[in-house]
Every structure is written in C-alpha cells, then in structure tokens.
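K.L.:
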Amino acid sequence: MVASKSKFAAFAGFIMCLASRGFGQDSNPLDTPEGRAQGAALFQTNCAYCHGAHGEGGRGPDLTTGVYRHGGSNRDLFTNIRNGIPVTEMPASRMSDEDVWKTVAYVRSLGSSGMAEKATGDSAAGRSIYEGKGHCAGCHSIAGEGGSVGPDLAGIGRRRGLAYLMESLVSPAAEVPAAYRAVQLVTKSGPTIQGIRLNEDDVSIQIRDSNGKLRSFFKDDLKDIQRDKPSLMPAYGTTLTKKELEDVVAYLSSLRESL
Amino acid sequence: MSRKSSLLRLVALLSFATLLNSQGLPVTAERLLKADQEPGNWLMYSGRYSSWRFSNLNQINTSNVKNLHLKWIFQGHSPEKFETTPLVVDGIMYLTRPENDVFAVDAATGRVMWTYSYKNPERTYNCCGRVNRGLAILGNRLYMNTLDMHLIAIDANTGRELWKTEIYDYLADGGYAATAAPLVVGNKVIVGMAGGEHPGTGFLDAYDAVTGKNLWRFHTIPQPGEPNFGTWAGDSWKTGGAATWNNGSYDPETNTLFWGTSNPWPDYNADSRRGDNLYSCSVLALDPDTGKLKWYYQFTPQDTHDWDATQIPILVDGTVRGQPRKLLAWAARNGFYYLLDRTNGQFILAKSFVRQTWASGFDDKGRPQVNPDQEPTDEGSDQIFPGVDGGANWMSHSYSPLTQLLYVFARDERRLFTKNAVRHVNDGEPPLNNGAPPKGAPLTALNAPQTTGIFGAGGNLPASPAPARNPKQARFAPEESWGKVVAIDPFTGLIKWEHKVLSPPWGGVMSTAGNLVFGGTTEGIVFALDAKTGERLWYFPANDRVYASPISFLANGKQYVSLAVGDVLLTFGLD
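Residue numbers (our numbering), protein chains in the order written: chain A, 1 to 259; chain B, 1001 to 1575.
1) Where Pro1462(B) and Ala53(A) are concerned, what is the direct C-alpha to C-alpha distance, given to the nearest angstrom?
2) Within the continuous alpha helix (DSSP H) that includes Pro33(A), where are the two ends?
3) Report all residues from its chain with a CB closer than 7 Å to the CB of Ser93(A); omit the five preceding and five following residues, and keep chain order.
4) Gly161(A) and Asn231(A) - do their beta-carbons sit closer together than 9 Å?
5) So Ala1180(B) packs on Arg1141(B), CB below 8 Å; how close in whole Å?
6) Which residues share a DSSP beta bridge with Gln1075(B)?
7) If contact is defined by three or more beta carbon pairs under 8 Å, each pair taking one atom from either stretch, is the stretch 1408–1417 of chain B in contact with the stretch 1485–1502 of chain B?
8) Using only the alpha-carbon positions, how far apart do Glu1099(B) and Cys139(A) sit?
9) Compare the Cα-Cα distances from Thr1571(B) to each of Gly1110(B), Asn1187(B), Gln1346(B) and Thr1403(B) and report the closest residue.
10) To test your reading of the DSSP string, which unbroken alpha helix (DSSP H) runs of 4 or more residues are found completely within the stretch 52–119 of chain A?
11) Cβ of Asn1064(B) less than 9 Å from any chain A Cβ?
12) Over the uninterrupted beta strand (DSSP E) stretch that includes Ala1153(B), give me the two end residues.
13) In this structure, does DSSP put Gly1456(B) in helix, strand or coil?
14) Any beta-carbon of chain A closer than 9 Å to the one on Glu1523(B)?
15) Taking the Cβ atom as the reference point for each residue, do Asp31(A) and Ala116(A) lie within a distance shorter than 9 Å?
16) Count the other CB atoms, across all protein chains shown, that sit within 10 Å of the CB of Ala1156(B); report buried if there are 16 or more and exposed otherwise.
17) Against chain B, does Asp152(A) count as a neighbour if the rule is that its beta carbon must be under 9 Å from one of theirs?
18) Using a Cβ-Cβ cut-off of 9 Å, state whether Leu255(A) counts as contacting chain B.
19) For the alpha helix (DSSP H) containing Ile156(A), name the first residue and the last one.
20) What is the rounded straight-line gap between the Cα of Glu167(A) and the Cα of Glu1535(B)?
21) On the CB-based measure, 16 or more other CB atoms within 10 Å of its CB, does His1069(B) come out buried or exposed?
22) Please state the DSSP three-state secondary structure of Ile1312(B).
23) Kindly list the residues whose CB is nearer than 8 Å to the CB of Leu240(A), restricted to its own chain and excluding five residues on each side of it in sequence; keep chain order.
24) From the DSSP output, in three-state form, read off Glu131(A) for me.
25) How about Glu34(A): is its C-beta nearer than 9 Å to some C-beta of chain B?
26) Got a sec? Which residues, its chain only, sit under 7 Å from Ser210(A) by beta carbon, not counting five neighbours each side?
27) For Ala92(A), go through chain C and note every residue whose CB falls closer than 7 Å to its CB, in chain order.
28) Given Tyr1207(B), which residues of its chain have a CB within under 7 Å of its CB, disregarding the five upstream and five downstream residues?
29) Could you say which of Asp1036(B), Val1509(B), Glu1161(B) and Ala1194(B) lies nearest to Asp1169(B) if we only look at CA atoms?
30) Apart from the five residues just before and just after Ala143(A), which ones in its own chain have a Cβ nearer than 6 Å to its Cβ?
31) In the DSSP assignment, what residue or residues form a beta bridge with Arg1295(B)?
32) Give me the subset of the stretch 115–140 of chain A whose CB atoms are less than 8 Å from a CB atom of chain B, sorted by chain position.
33) Using the DSSP secondary-structure output, state which residues sit across from Gly121(A) in a beta bridge.
34) Keeping to the same chain, check which residues put their C-beta closer than 6 Å to that of Gly1361(B); ignore five residues upstream and five downstream.
35) Check Phe1218(B) in the structure and name its three-state DSSP category.
36) Here's a check: name, in chain order, each residue in its chain whose Cβ is nearer than 7 Å to the Cβ of Leu255(A), leaving out the five neighbours to either side.
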C-alpha cells in the first residue's frame, strides 16, 4: 500500500509536470526501455486489433515504416492516440495519459527497430550485388528507382533489424507484408498467372502481375486461386555466399533515410 | 372449417392488411403486435416481435432477382460505421445515421423530408464506434437511444424532439453508452445499454412511451439478497458488466420479453470474478409489465472470451421429439446453436455451427462441458475457436417460415486470446488512472475512464503470417478465416447448407417470401441467395464494408430491399 501510494505520488507529479508544460512539448519522458516494454503490452491490448500484433498493419495502417500520415512527432502521436483521428476509424483511446505516452514510445520504436544495430558486412559491396548479381532492383525500388513487384526499400535500415533482413534474403516467405502477398491464379482458359494480390472480394480478384501490370479477374473465370506461395522473391541462401549475404544486409541496413 | 370459409378469412385478412398498409401514422401497439400483417412496412428493428427479420413480400423472388438493380442511394456522409436498420411506415422511411441523427426520407426516391440532429459530448464511452442501430416507433413517436445515455422521443411527422430522458450517467463506472434500437412493447419503450467492456453493471430499462418516465429497471447482475447473487466472487458483482447492448424479442402469447446479455468484465480475465457470473452471457425472460425475471439460461458460464450473448432472440414454434413446443432459437457468439423451450428456459439441444474448440458437449441441463487449455494466456493463445468476435455477434439472423430454416451469417475464425493483468477497482490501487475510477469519481482530462485491460485484454488479430516459422499460427487470411451464411434446421440444429464468403462478416441477413436470403459482405458484395439451396442468384459490388442487416418494404406498391453499405444506404428494386 505504501509503495502504491508513493507510486501514485510520483505519477501525480509526472502529470502535474505534463500539465504545467502542456502537451505541446515534443519530448516523451516515458521513452525509456521500461516505458517501451509497457507500451508494447498496451499496444497489444489497445492497438493490435487494427494495426497488427507487430504494428505491421491490417485494418489500420502499417506503423513500422516510420512514416505517419497524420504527423510523426511525439505530440502528434500522443494526440492521435489519445483523441482519435477525425474522419478515420481511429478511435479515441481509453488509456491514461501516462499509458498513451508509453504507447507512443513503443510505436516510435516500431519505426526505428534497426537504428541501434551495426552491420558487419561491406555496404558498398552489398550495393553492387543489389544492383548487379542479385537483380534486386528489378523488383524493389529505393527512392523511386527500381521495380514495383516488391516493397519499396527506402529507409528499410531504420525499420528492420539485421536478423530480419537476413531472414528476408534467405527465407523470403517467412514474413510477407499483407500488401505484397502473392497468389497464383489458375484460369479456366489455360494459363496460370502469378502476381501480388491487391484486392479481392467474393466475385473478383485484383493483382499486379509479375510484369508489374494491373489485372483483374472474375472468379467465375478461375479454376483455382493458390495462396501457398506467398512470396514471389527468390531465396538467396544458395545463390549468394554467406559473405555476399552479409554485404547485402549491410547495404540495406545503411538505408536509413526517412521516407 | 370449410375450405371456402378459410378462403374468405384469407381475403378478409389481406384486405385488412392492405388497409393497414395505407394507414400511415399512428402506429398503434395493436399494429405492432400484427406487424407481420403489414408486409409493406417495417415497423420494428427485427420486423416483427418474433425477430424473424423475414419479409412476407415476394415480388422479388428466385425467378426475377437477377433483374434487381439499384433504385436510389441515401448519402450518409459519416466516416463512422453505418449500422442502421431503417423503419418504413406507409412509404416513409425513418433511419438513423451516426452518431445520432435521424432522417425521414421518401421510401421510393430517398429524398429527405426532415432531419433531426443530436449532439453528443465530444468524448463518449461506446466500445466500438460512435454508432447507432436504429429506431422504434409507437403512435406518432420515434424513439432513439443516444451515445450519452439518453432516450429521445421525436415527432415522426416533423422531426421535432418531444422529450429526452437520461437513462444513466454516461460518465459513471468507466462509461456507458446506448447504441441499439429500442423495442416498444405495449405502452413501454424497452432500452438496453452498452458498457460490458467497462467496470459498470448492466441493466434493462422500461420507459413510459408517452412521458418518458422510467417504469422499471432490471439489474442483469443480482443485487445483495437476490437469487444468484453468490455467483460473483468478492465484490466483483459491483463491476461485472453484463450489458444489454442489442435488441430483444417479445412473445405476446406468454407476455414475455426476451433479451440477451453481454460478457462479464474484465473480459479476458476471470481471476477476480470466480463463479458463474450470472446473468452475464445469458438470455433473460422477463415480464414486460414488471421487469421481473421469469427464467434465464446462461450460454457461457464465467466467460473469458468476450462471447456476449447479445444476439437477437428468435421465437419459433415447432415439433421437437414428437411434441409441439414454443421455442427459442439462438445461434450464440460462442459458436453453438441452441434450442430452448421459451416457456421455461429448458435446454433442448446445442450444436456448433462454426469451428469451435472450447466445449466437448453439454449436460442435460445445458451446462457446457469445457475443454482444458482453452483459456486466454499471458503470451496469447491462438488455438481457440471461435475468435473474440465469435461465431455470431450482434448482426441479425433470420428465420423463414416457408423453408423453416434459420439463416445465420457466421464468422468462422480463430484469434489470439491474451490474458492481461487487470487492476481491479477494489484492489487498493490509486483511484486515478490505474484501474477503473470508483463509482462517482469525477472525470477530468487527466482522469478519463480507461484502463489497462479494460477492453482489449485479448482477442487481437494474430501476428502477421509466418508460415515458415509456425504453419499452424492463426492468420487473418482467406484460407484461415472466412464467413458463411449457414442454414440451420432450428428444430434439430442440423446444418442444411452453407454459403461461404471471403471474410468473416459484420452484416446480418433477411429472408423473404420470395425464397431469398439477402445480406452483404465485409468487402461490400450485396447478395441474394436461394433460401432453399444457398446458391447465390444475384449480387451487387458495393465495394465498402457492411455493418448492417437488410430490410424490405413497399413503396408505391413495389417491393424494395435496403441495406447500409459503407456510409450510404442502398435501395434495390425491380423495373
């Protein structure tokens, strides 16, 4: 009880401090390892239903890109979580202001998970492989340069850690963003078309095919929709050496410019 | 009775019905009792007191539904979910739009005739959107519940507010809201409340339809000294939820009101509320004159999965094991279809209509035999079916007396169930912020009702797909979770057919005398199925979410079907 009261006093002090400073300040006093950890639990409770268990998006936007349409400052995030965002489905939160700040700390960490890590590979060599032997740019773009079949990789080093990047090269199907999941459409007229599923309902499906072309099919014209190969990306575990893989990871990790 | 006299009776009845159809206002209590004899009108949320959501109209039928097309659109202009069920009286449609705006529109064209607007406080305490599901009508008065816990009477001719009654302090106990349509029974307006996600206590109210005066209140959690008070450990009865957030049904023959109750609070953690937690997750049979409980049946004792029993009760008569019975058919959020005797609550049978993992069967009294390892866990369990949104939810089911089938637009999925620590109001935590505020605590900007674990202490979408790591991991993807219209024989619980759709739905269904079942999917496909086979005979790609159930009515003698999709109300007709 005593501990509880002293905790309460400390918290009351914190609130008074916030109140006296107003919420206009952009620093987040709860952006600490403990704050982020508690924010992660709060996120599961309050946010993951729409934004995904890892903030990867779903019904609500992807929060791992470090780009926030309604403002990316601490104050913006606090306001949007606390009060909701008008004319969107984002509701006002029931959390205490303290818990909102912890959630802000966690959400910001989602968009900068790779920032603390230092890659061991040779970034310049990795770039050569990316642009040459790996043919990565055929499908991925960086700052508008490259293909559109895979996700844009600008700022990927901010958003993804080294282990994740390595896994994506070696086992691309391990985790595929919802917006880049591949399907194979077996048509009744013969050919099988593969592409990224862009949208779908009970009567039709829309894809970007492997040439980057937008196409739509009525399901009545399809024999089958196969979803068991969710990634169109080749696995690089055998085509690149361990050193080459590490170099590519180092290059990707160096891409830390905000979008 | 001779065949001729039967025919004469039928002709007389039809003439009477035609007369009533052209009667317009006022809608008397007598007309509500015989709402099924006014097929051109839609006089209450579920169409009639037995809540069949069935239209006797058959101009649109299996042979011509392919020609159905859009006749008009009502523009809602609201970003909020559009969950309304309109009423239709003699060519005038009355509908609510989020938050609490009411419109009278010409049912043949959609042109607005009057508008009533209600301003809620900036912050309200609805769990899942600032929504409203519709109106009730008696005489010349429309009735609407508001997010800030008022019941409002509006003049149906003018749209003017006649009176406003506070149901309860919307700021109390972590917050209350009222989103459902009221139900008029006799001279009373029956009103439920939402708030099972907060540490409040549930109730069902009756108000005088003329004056707005409260006539009775039934507490869904027994008070000290009442039967079943001891089904809540400690003081947990003070904060146990058990809200009444959807619409009910009424049986004039036995003068019984049927209403479902929500989950107990805290949703996913029963540590502080050991016991059966009556009357949460139950159906209540009440005397509408007094609000006294006649009987109850609890679908999920000590629920920890947010499996509210707030589905619409469906009243059917039929033969069970050779005996004619008055029955209550209930496809519950916990994934089981139940058949009860509505005169006494006796359990007759239960059969699952979606994948379920939590119960292995039922004893003779209808108590579920619960499987092990089906509780939410600290790290989250995704091995529990159905998911947090249940096999059924609030959206309407439909019963057709022609096919004698119950139609349920079901959700077939699993989710991640997480048990979070919940700091209980009585745990000695500080009254500010951590844990729920005590009853009557003032609310300020820094002391809003909140709290860790209040609503979402589980039931989240699973982690993003990772088949290479754990192929069995739950996924929110077409091959893992889907929706389906299920046609259940209500008297046996056997499934007659299923019509599968891409995603778990949030819309309800309506069946018609044209042997059609109408509904809309999460992606916005508005459909008509053959009521006998489940075959899709017609569709319209409306391309936005459906959070509502359809109705049908006549305007200028022609049958129409309306359904809210996205932020518009679509109305379809022939020629």
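Don't be surprised by glycine CBs; every beta carbon is placed ideally from N, CA and C.
P.N.:
A quick look at the data gives this:
1) Any reading at Pro1462(B) must be qualified, since the residue scores a pLDDT of 40, below 50, and its modelled position is unreliable; the value itself is stated next. Those two C-alpha atoms are separated by around 6 Å.
2) Unbroken alpha helix (DSSP H) run through Pro33(A): Pro33 to Asn46.
3) Cβ within range, chain order: Asn46, Ile81, Arg82 and Val100.
4) It should be noted that the sequence gives Ser, not Asn, for residue 231(A). No, these two residues do not count as a Cβ contact at 9 Å.
5) Between Arg1141(B) and Ala1180(B) the Cβ distance is about 18 Å, and since that is not below 8 Å, they are no contact.
6) Val1568(B)
7) The answer is yes - the stretch 1408–1417 of chain B touches the stretch 1485–1502 of chain B, with three or more Cβ pairs under 8 Å.
8) A direct Cα-to-Cα measurement between Glu1099(B) and Cys139(A) gives close to 45 Å.
9) Cα-wise, what sits closest to Thr1571(B) is Gly1110(B).
10) 74–83 and 97–110
11) no
12) Looking at the DSSP string, the run of the beta strand (DSSP E) that includes Ala1153(B) is His1150 to Asp1155.
13) Low confidence applies here, because Gly1456(B) scores a pLDDT of 38, under 50, leaving its location unreliable and the question unanswered by this model.
14) yes
15) In this structure, Asp31(A) lies away from Ala116(A), with their beta-carbon atoms at least 9 Å apart.
16) buried
17) no
18) no
19) Ile156 to Arg159
20) It is roughly 45 Å from the alpha-carbon of Glu167(A) to the alpha-carbon of Glu1535(B).
21) Taking all protein chains in view, the Cβ of His1069(B) is surrounded by fewer than 16 other Cβ atoms within 10 Å, so the residue is classified as exposed.
22) coil
23) Ile129, Lys133, Gly134, Leu169 and Val248
24) helix
25) Closer than 9 Å: no.
26) For Ser210(A), where only same-chain residues beyond five positions count, the Cβ hits under 7 Å are Val149, Gln194, Gly195 and Leu232.
27) The structure shown contains no chain C; its protein chains are A and B.
28) Answer for Tyr1207(B): Leu1151, Thr1165, Lys1188, Val1189, Val1191, Lys1213, Asn1214 and Leu1215, listed in chain order.
29) Ala1194(B)
30) Ala154
31) Checking the sequence shown, residue 1295(B) turns out to be Trp, not Arg. Answer by DSSP bridge pairing, in chain order: Ala1285(B).
32) none
33) In the DSSP output, where bridge partners are listed per residue, Gly121(A) has none listed.
34) Gln1369
35) strand
36) Ile142, Leu153, Ala154, Gly155, Ile156 and Gly157
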